[in-house]
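Structure first, commentary second.
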Amino acid sequence: QARSALGPALDKATGTLLYNTAARLKDPKHLGFLVGYIARREILTDLQLSAALEYVRSHPLEPLDVADFERACGVGVCITPEQIEEAVEAVISKHRAELLAERYHFNMGLLMGEARNQLRWADGKTIKNEVDLQVLHLLGPKTEADLEKKPKVAKARQAPAEKQKVAVVENGDIGTETQSLLEQLRGEALKFHKPGENYKTEGYVVTPNTMALLKQHLAITGGQVRTRFPPEPNGILHIGHAKAINFNFGYAKANGGVCFLRYDDTNPEKEEEKYFTAIREMVEWLGYQPYAVTHASDYFDQLYTWALELIRRGQAYVCHQKVEEIKGHNPPPSPWRDRPVEESLVLFEDMRKGKFGEGEATLRMKLVMEDGKMDPVAYRVKFTPHHRTGDKWCIYPTYDYTHCLCDSIEHITHSLCTKEFQARRSSYFWLCNALDVYCPVQWEYGRLNLLYTVVSKRKIIRLVETGAVRDWDDPRLFTLTALRRRGFPPEAINNFCARVGVTVAQATMEPHLLEACAREVLNEQAPRAMAVLEPLKVTITNFPAPKALEVLVPNFPADESRGFHKVPFHQTVYIEETDFREEADKGYKRLAPGQPVGLRHTGYVITVQNVIKDISGRVIELEVTCTKSDVAEKPKAFIHWVSVPLACEVRLYERLFLHKNPEDPSEVPGGFLSDLNPDSLRVVHNALVDSSVHSARAFDKFQFERLGYFSVDPDSEEGKMVFNRTVTLKEDPGKA
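For the working numbering, count along the sequence shown from 1 and bump the result up by 1.
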């Protein structure tokens, strides 16, 4: 096309413009239009081409307003050398003082940027040459001082607490979120369309009604970002859902928008009230408040009306193929695809009235999906009462039919979903356009998976049924209820999701990365206490008082302004069995005959005087003397202890599976149930904890000094507390 206007020999600049046009233009219907302007030398620069491409992208409907297009692209605008000279002169005059002070260390890009703002269509090289010329005239040639590198100014380091959290507006309320997540989500906003500009998204289908529907959409939403988190209420949320929650709620939050919690309750036989409750509880536990809580079933009447309309438009039909016949990607075509519209309307009404049994009839949509699957099912017969609508319906819509239409009803701007739904994107756009309703944009991102675990509902049910775990909230699982019970703070899970990032590729992470996030948060949140897992009785024979003393212990030793708690210090104390040896090996620094240790927080050092054993030779008690630490020689170590303690049970958890990928047959040929770690749970029945924790409630968290971070389990009873170990104080190098 260009050669017909310019001849066989094209200059390099024109060739580059033609190449960029072909490479960057998403909709080829405008290719000839743009090439015409390049061939006629009316678009001469890449700047003009970028403006032209943006214009056609922003104006998807024909015909284009040619005069408006030419104004937007600078067609016919002629910038003279005199105009460039005057613009540069004005900018240099404005910055003259700074130029004379900083000379060639001044940011010359600033001068070019301001000159270009005045002369949008001027050639960049010409402006640069003029800037260089006038700066040389003002400052003269560069001196040795001008050639020296400008010293870097050290940036003030941000305090860790400031770096971790910032205040943000969350659906109208102030909330707290990790800065890195917000920065990522604001970054994603640069890739995503602005509300109302759905048509700028690659692959978005524009119809003659699109622009009018988008105008109505903006009038309803006011240009607000709207997302939704749409779980199926037939199971408990897991760590992968935490990423979806963070992305959907977080993206809305980062952009001043709102997020709906919408239950996809279209499969009544698998749905239970406990799942509805648990899902909302977990969303709120992670720190998010839904803008509205909705259900797909709220829209059943509207969805049914639209199904009738789809049939009337010749885009859906009633089919009698069996489920087994239409499974897979190459099923035989339906012999009922071209049945008359009136016939399908009657049969669909018969489906609604219960005249067909389950599997005897479906309503199918006439389209081919991206993965090649043909005519997905829109409605199927299920004689199961619905938890919200009762016996009103015996036909229920499918995900493929429901999801995009519910998004349309709620005027969702960004329908964010995991990568496996990419194959449904074409059906998403097709269905909204087939019914002439507002069409949101579906965006896909990579799933978050964790090694050494399983998260599928079916497999977790098998684990519960076989007794491998107690229930969905067993702390060895990675459901959100299990993580909460184990003691993981919601902030740690959110921080983990932020570190994983918003990626298109699937992310498979090691559990120790989540544990590291937990340590960071718990170090700031969990007050200190002392506990002994394997107690050894110690009697202080020269105890300095007739009754127990009170010792002040800081809640957070690194910041004593956060308060203290009192613990009793008595003649009888208990230490860890492992903190005493009858013979001190080389490198051993704790208690042994002839090797004293300090008792943390007491101000005393103890020395072994007598070792008492039972008949089997096992050490059962130590008799020691104590000395004030300010007069005693400094000991090699200080150990934790308890006195007048509370009895408690402590549950110590390890990985549930032995292999990284327990579901991979090549790694675990016997199946995931054969890969269970026999040491995934160790229960310490007779542990002791200091009395400062006596009023703690379920899910309260503590750092047991030298042992790890622990959380109060809901199994705790009056007189017998139960603690779950969340994580150890330091990462086990063998797990990294």
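Just so you know, even glycine gets a beta-carbon here, dropped at the ideal spot from N, CA and C.
Candidates the options: which alpha carbon is nearest residue i's?
i    : options                   : result
E578 : T467, T144 and E535       : E535
Y300 : V226, Q217 and H404       : H404
G141 : E131, Y105 and R477       : Y105
A40  : D47, F250 and T15         : T15
Q119 : L137, E149, E131 and Q84  : Q84
M283 : R313, C320 and I237       : I237
L537 : A73, E718, G8 and D580    : D580
F430 : L368, V455, L449 and M352 : L368
Q507 : I462, L452, G288 and K27  : L452
V67  : C407, T504 and E43        : E43
K393 : A532, T467, P234 and K354 : K354
I80  : E371, W122, R656 and F193 : W122
E718 : C649, Y654 and D665       : C649
D266 : L65, H330, C407 and V503  : C407
P196 : F250, N256 and A243       : N256
T363 : D372, G373, V382 and E371 : V382
V645 : Q572, E285 and I93        : Q572
K126 : F261, F248 and D47        : D47
Please state whether DSSP places residue i in a helix, a strand or coil.
i    : result
Y397 : strand
P555 : strand
T228 : strand
P594 : coil
L452 : coil
G16  : helix
V324 : helix
K538 : strand
H412 : coil
H106 : helix
P512 : helix
F430 : helix
G672 : coil
P82  : helix
K354 : coil
Q526 : helix
Q316 : coil
F250 : helix
P569 : strand
L708 : coil
K702 : strand
R485 : helix
Please classify residue i as buried or exposed, where buried requires at least 16 neighbouring CB atoms within 10 angstroms.
i    : result
P663 : buried
Y589 : exposed
F349 : buried
T278 : exposed
F384 : exposed
G33  : exposed
P82  : exposed
S416 : buried
Q704 : buried
G258 : buried
D174 : Below a pLDDT of 50, predicted positions are generally treated as unreliable, and D174, at 38, falls in that range; the measurement from the model is reported next regardless. Classification for D174: exposed.
Y575 : buried
L449 : buried
Would you kindly report the start and end of the unbroken alpha helix (DSSP H) that includes residue i?
i    : result
Y605 : Y605 -> not in any alpha helix (DSSP H); beta strand (DSSP E) instead, spanning Y605 to K614.
C74  : V67 to C74
S667 : Run containing S667: none; DSSP gives neither H nor E here.
V501 : P491 to V501
R459 : K458 to E466
Since residue i is in the beta strand (DSSP E), which residue starts that stretch and which ends it?
i    : result
V132 : Where V132 is concerned, there is no enclosing beta strand (DSSP E), although the alpha helix (DSSP H) it sits in stretches over G125 to L140.
T628 : V620 to K629
E445 : V442 to Y446
L238 : Segment: none, L238 is in no beta strand (DSSP E) and carries neither H nor E.
A638 : Taken as a continuous stretch (DSSP letters only), A638 belongs to no beta strand (DSSP E), as it is neither H nor E.
K275 : Looking at the DSSP string, K275 is not in any beta strand (DSSP E); the run it does join, the alpha helix (DSSP H), is E274 to W286.
F724 : M722 to V728
E145 : Not the beta strand (DSSP E): E145 falls in the alpha helix (DSSP H), residues E145 to L148.
Measuring from the CB of residue i, is there a heavy atom of the ligand ATP at a distance below 6 Å?
i    : result
L287 : For the ligand ATP, the structure offers nothing, since it holds no ligand at all.
Cβ contact check for the region 226-233 and the region 462-480: 3 or more pairs under 8 Å: Short answer: they don't touch.
Any 3 or more C-beta pairs closer than 8 Å across the region 53-69 and the region 197-208: Contact between the region 53-69 and the region 197-208 is present: 3 or more CB-CB pairs across the two stretches fall below 8 Å.
Contact between the region 636-652 and the region 665-673 (3+ Cβ pairs under 8 Å): The way I'd put it, the region 636-652 doesn't touch the region 665-673; fewer than three beta-carbon pairs between them come closer than 8 Å.
Meets three-Cβ-pair contact criterion under 8 Å: the region 591-607 and the region 716-731: Fewer than three Cβ pairs drawn from the region 591-607 and the region 716-731 lie within less than 8 Å of each other, which leaves the two stretches out of contact.
Any 3 or more C-beta pairs closer than 8 Å across the region 609-619 and the region 556-568: No, the region 609-619 does not touch the region 556-568.
Stretch pair the region 487-503 + the region 428-444: three plus CB contacts closer than 8 Å: Counting Cβ pairs under 8 Å, fewer than three are found: no touch.
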